[in-house]
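Peer 1:
There are 2 protein chains.
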Amino acid sequence: MDKKIILLTNDDGIEAEGLYRVYSELKKEKTFEVKVIAPDKERSAVGHAITVFNPIPVWKEKRDGKFFGYAVDGTPADCVKLAVKAMLEKIPDLVISGINKGANVGENVIYSGTVSAATEGTVYDIPSVAVSIDNIKDPDYSFAAKFTLKMAKKIISVGGLPKKTLLNINLPDLSEDKIKGVKITCQSNAKFNDYFIRRIDPRGREYYWMDGEFVEVAKNENDDYCAIKNGYISVTPVHYDMTDYSKMEYFKKWNIGKEL
Amino acid sequence: MDKKIILLTNDDGIEAEGLYRVYSELKKEKTFEVKVIAPDKERSAVGHAITVFNPIPVWKEKRDGKFFGYAVDGTPADCVKLAVKAMLEKIPDLVISGINKGANVGENVIYSGTVSAATEGTVYDIPSVAVSIDNIKDPDYSFAAKFTLKMAKKIISVGGLPKKTLLNINLPDLSEDKIKGVKITCQSNAKFNDYFIRRIDPRGREYYWMDGEFVEVAKNENDDYCAIKNGYISVTPVHYDMTDYSKMEYFKKWNIGKEL
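Residue numbers (numbering that gives the first Met the number 0), protein chains in the order written: chain A, 0 to 259; chain B, 0 to 259.
#1: Taking the alpha carbon of ASN188(A) as the point to measure from, which residue in ASN53(B), THR121(B), THR113(B) has its own alpha carbon closest?
#2: Just the chain B side, please: which residues come within less than 8 Å of ARG197(A) by C-beta, in chain order?
#3: Identify the contact partners of THR164(A) in chain B, using a Cβ-Cβ distance below 7 Å as the criterion.
#4: State buried or exposed for ALA143(A), treating a residue as buried only when at least 16 other CB atoms are found within 10 Å of its CB.
#5: Say whether chain B places a C-beta atom closer than 7 Å to the C-beta of ARG204(A).
#6: By Cβ distance below 7 Å, which residues in the same chain neighbour VAL216(A) in space, the five residues on each side in sequence not counted?
#7: Looking only at its own chain, which residues have a Cβ that is under 6 Å from the Cβ of GLU41(B), when we skip the five neighbours before and after it?
#8: Following the continuous beta strand (DSSP E) through ALA167(A), name the residue where it begins and the one where it ends.
#9: Any beta carbon from chain A within less than 7 Å of PHE250(B)'s own beta carbon?
#10: Within 7 Å of any Cβ in chain A, is that where the Cβ of ILE93(B) sits?
#11: In terms of DSSP beta bridges, what is TYR194(A) paired with?
#12: Do the CB positions of ASN169(B) and SER131(B) come within less than 7 Å of each other?
#13: In whole angstroms, what separates the C-alpha of VAL57(A) from that of VAL51(A)?
#14: Excluding five sequence neighbours on each side, which residues of the same chain lie with their C-beta closer than 6 Å to the C-beta of LYS162(A)?
#15: Could you list the residues in the stretch 32-57 of chain A with a C-beta less than 8 Å from some C-beta on chain E, going in chain order?
#16: Of the choices GLU60(A), PHE146(A), LYS59(A), LYS2(A), whose alpha-carbon is the least far from that of VAL33(A)?
#17: Let me know the secondary structure DSSP gives ARG62(B) once reduced to three states.
#18: What does the alpha-carbon distance come out to for the pair LEU18(A) and THR235(B)?
#19: So what's LYS3(A) in DSSP terms, helix, strand or just coil?
#20: Taking just the CA atoms, how far does LEU148(B) sit from MET0(B)?
#21: Please list, in chain order, all residues of the same chain as TYR206(B) whose beta carbon is under 8 Å from its beta carbon, the five residues on each side excluded.
#22: To test your reading of the DSSP string, which unbroken alpha helix (DSSP H) runs of 4 or more residues are found completely within the stretch 109-181 of chain A?
#23: Would you mind listing the alpha helix (DSSP H) stretches within the stretch 20-99 of chain B that are 4+ residues and don't spill past its ends, in chain order?
#24: Mind checking if ASP172(A) is an interface residue toward chain B, Cβ cutoff 7 Å exclusive?
#25: ASN9(B): buried (16+ other C-beta within 10 angstroms of its C-beta) or exposed?
#26: Nearest-angstrom Cα distance between LEU6(A) and LYS61(A)?
#27: Following the continuous beta strand (DSSP E) through ILE232(A), name the residue where it begins and the one where it ends.
#28: Could you tell me which chain B residues have their CB closer than 8 Å to the CB of GLY101(A), listed as they occur along the chain?
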C-alpha cells in the first residue's frame with residue numbers, strides 16, 4: 000500500500016520544538032510518510048504573505064546528523080506552495096501546520112502564519128489542519144502531538160475534509176487527564192488590545208514598537224477562546240471565503256449603480 | 000463642523016500613483032481631512048502581516064515640496080494600527096486603502112495587502128474600503144478616484160458601514176461611459192494557477208521564483224471576478240470571521256471528544 004504523504008510545516012521555523020515533537024509522533028504511524036518543509040526561522044504574524052518579488056532559497060536541514068527536511072527562506076504559505084507545486088513528487092494527503100507556540104484564536108487567526116499555511120493547503124484542495132497550544136513560553140507538547148496524530152489518522156480514515164475547509168485546532172496547555180474534551184467552535188472576537196511605544200533612535204529618527212495583551216470582548220462558550228480557557232480542545236472549521244453574505248441585501252439597497 | 004478624518008493607505012507604497020490620484024480627488028471634498036500613512040515601498044502580497052518583532056520607523060514624506068504624509072517601514076496593516084493607536088489624534092471616520100494597481104478578487108483577497116489594511120480598519124470598528132483597478136500595468140485611475148470619493152461621501156452620509164464589514168471595491172480599467180454599472184458581489188474562486196521556476200545561484204544553491212496566471216475555475220455572474228470582466232464595478236462586503244459555519248454540524252458528528 001502506498002504510504003500517505005503528510006506535509007509538515009509551521010511558522011515558528013524548522014528548528015522549533017513544536018514541529019519536532021509532532022514530527023516524532025507522526026513518524027510512529029508507519030503508513031505515513033512525513034515531509035518537513037518549513038521556514039528557516041520564526042515567521043509569526045506574517046499573515047498570508049507570499050513571496051512574489053524575490054527568489055526563495057531552499058536548502059536541506061539535518062537533525063541528529065540525518066536529513067530532516069527542507070528549510071525555506073520564505074513564509075509558511077510559501078512553504079506549502081513550493082511543496083505542492085515544485086518540491087514534492089506527489090500531492091500530499093494532508094498538510095499539518097504546527098504545533099505553534101501560542102494559541103491562534105479570535106482575531107489572531109487573520110495574522111497567523113500557522114493558519115495561513117493550512118489555508119494554503121485548502122487553496123490546493125488538500126485536507127489541512129493548523130495546530131496551536133495556548134502557551135507562548137514553554138508549553139508541554141506531549142498531548143498536543145498525540146492528539147494531532149489521532150486527528151491525522153481520523154482525517155485520512157474518512158477520506159479527507161470537506162473541500163476548502165481547514166481545521167484550526169487549539170489546545171490548552173494541560174496534561175491529558177486535565178483536558179475536559181473537544182468542542183467544535185466558531186472564531187471568537189478575542190483580540191489584541193494593542194498599543195505602541197514611541198521612541199527616538201540614536202540618529203534622531205522616530206520609531207514604534209508594538210505591544211499588547213490578548214482579551215476577549217464578548218463571551219460565547221461555543222467560541223475558540225472560551226473553549227481553551229475552559230480546558231477544552233477547540234476545533235474550528237475555517238474557510239477563506241470572506242464574503243459577508245449577511246450584508247449583501249443591505250448593500251444592494253444602496254443602489255450604488257444608479258448614482259453613477 | 001468638525002471635518003471627517005479620512006485615513007488613506009495602500010500596499011503599493013506612499014509614492015504610488017494610485018494613492019496620489021485618489022488623494023487629489025478626496026482633497027476636493029472640503030469636509031474631509033485626508034491623512035496619508037502608507038508603506039515606504041511596495042508591499043504587495045504581504046497578506047495580513049504585522050510587524051511584531053521589529054521596531055517600525057516612521058518619517059515625513061513631501062510631495063511637490065509640501066508635507067504629504069507619513070511613510071512607514073512596515074506593512075499596510077501596520078500603517079492602520081499605527082495610525083489609529085499612536086499617530087492620529089482622533090480615530091478616523093473612514094479608512095481607504097488604494098487605489099491598488101491590479102484587481103483583488105477571488106483567492107487574491109487572502110494575499111492582498113490592500114484588503115488587509117481595510118480589514119485592520121474593521122478590527123477597530125472603523126468603516127473601511129479597499130479599492131483596486133483591474134490592470135497591473137498602466138491603469139487609468141481617473142474614474143476609480145472619482146468613484147472612491149462618491150463612495151466615501153455615501154458612507155459618511157449614512158453614518159458608516161455595518162461593524163466588522165468592509166467593502167472590497169474592484170473596478171474594470173474602463174472609462175466612465177464604458178462601465179455598465181455596479182454589482183454587489185461575492186468572492187469568486189478565481190485563483191492563481193501558480194508555478195515555480197527552479198534555478199541554481201552562482202554559489203550552487205537552489206532557489207525558486209514564483210510565477211503564474213490568474214484564472215477563474217467556476218463562473219458565477221454574481222462574483223467579483225465576473226463582475227469586473229463583464230464591465231461592472233464589483234463591491235463585495237467582506238468580514239474576517241473565517242468560521243465555516245456550514246460545516247460545524249458535520250464535525251460535531253465526528254465525536255472527536257469521545258475518542259480522547
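Even for Gly, the Cβ is constructed at its ideal location relative to N, Cα and C.
Peer 2: Put simply:
#1: Counting from 1 along the first sequence, the entry for residue 188(A) is found at position 189. Of the listed residues, the one whose Cα sits closest to ASN188(A) is THR121(B).
#2: Position 198 of the first sequence, counted from the first residue, corresponds to residue 197(A). Those are ALA85, listed as they occur along chain B.
#3: For the purposes of this step, residue 164(A) is identified with residue 165 of the first sequence, where counting begins at 1. Simply ASP243, LYS246.
#4: Within the first sequence, the letter at position 144 stands for residue 143(A). That one is buried.
#5: Indexing the first sequence from 1 puts residue 204(A) at position 205. Taking Cβ atoms only, chain B reaches closer than 7 Å to ARG204(A), which makes this a yes.
#6: Along the first sequence, read from residue 1 onward, the residue named residue 216(A) stands at position 217. Excluding sequence neighbours, VAL216(A) sits near ASN188, LYS190.
#7: As a working mapping, residue 41(B) is identified with position 42 in the second sequence. Around GLU41(B): ASP11, GLY12.
#8: In the first sequence, residue 167(A) corresponds to position 168, counting from 1. According to the sequence displayed, residue 167(A) carries Asn and not Ala. Taken as a continuous stretch (DSSP letters only), the beta strand (DSSP E) holding ASN167(A) covers 165-170.
#9: Numbered from 1 along the second sequence, position 251 holds the residue referred to as residue 250(B). Cβ-Cβ to chain A under 7 Å: yes for PHE250(B).
#10: Residue numbering aside, residue 93(B) sits at position 94 when the second sequence is read from its first letter. The amino acid at residue 93(B) is misidentified as Ile; the sequence shows Leu. No - not a single Cβ of chain A is within 7 Å of the one on LEU93(B).
#11: Along the first sequence, one-based indexing puts residue 194(A) at 195. TYR194(A) is bridged to ASP210(A).
#12: Looking up residue 169(B) in the second sequence gives position 170. Looking up residue 131(B) in the second sequence gives position 132. In this structure, the beta-carbon distance from ASN169(B) to SER131(B) falls below 7 Å.
#13: As a first step, residue 57(A) is located in the first sequence; it is residue number 58 there, counting from the start. As a first step, residue 51(A) is located in the first sequence; it is residue number 52 there, counting from the start. About 15 Å.
#14: If you number the first sequence from 1, residue 162(A) lands on position 163. Excluding the 5 residues flanking it on each side, LYS162(A) has same chain C-beta neighbours closer than 6 Å at ASP124, in chain order.
#15: Absent here is chain E; the protein component of the structure consists of chains A and B.
#16: As a working note, residue 33(A) is residue 34 in the first sequence. With distances taken between Cα atoms, VAL33(A) lies closest to LYS2(A).
#17: Sequence index remark: in the second sequence, residue 62(B) carries index 63 (1-based). Looking at ARG62(B) - three-state DSSP - the assignment turns out to be strand.
#18: In the first sequence, residue 18(A) corresponds to position 19, counting from 1. In the second sequence, residue 235(B) corresponds to position 236, counting from 1. Distance between the alpha carbons of LEU18(A) and THR235(B) is about 38 Å.
#19: Here residue 3(A) is taken as the residue at index 4 of the first sequence, counted from 1. LYS3(A) falls in the strand class under three-state DSSP.
#20: To locate residue 0(B), count along the second sequence from 1; it is residue 1. To locate residue 148(B), count along the second sequence from 1; it is residue 149. Roughly 20 Å separates the two Cα atoms.
#21: The sequence position of residue 206(B) within the second sequence is 207, counting from 1. These residues qualify, in order along the chain: ARG197, ARG198, ILE199, ASP200.
#22: Annotation: the stretch 109-181 of chain A contains the following complete segments of the alpha helix (DSSP H) (minimum length 4 residues), in chain order: 112-122, 141-156.
#23: DSSP runs (the alpha helix (DSSP H)) wholly in the stretch 20-99 of chain B: 75-81.
#24: In the first sequence, residue 172(A) corresponds to position 173, counting from 1. For ASP172(A), the answer is no, since every Cβ of chain B falls outside 7 Å of its Cβ.
#25: The residue you call residue 9(B) lines up with position 10 of the second sequence. Looking at its Cβ environment, which holds 16 or more other Cβ atoms inside 10 Å, ASN9(B) is buried.
#26: Translated into the one-based positions of the first sequence, residue 6(A) becomes position 7. Translated into the one-based positions of the first sequence, residue 61(A) becomes position 62. Between LEU6(A) and LYS61(A), the C-alpha separation is close to 17 Å.
#27: Numbered from its first residue, the first sequence carries residue 232(A) at position 233. First-last of the beta strand (DSSP E) with ILE232(A): 231-237.
#28: Numbered from its first residue, the first sequence carries residue 101(A) at position 102. What GLY101(A) touches in chain B: nothing, since even the nearest Cβ is about 11 Å away.
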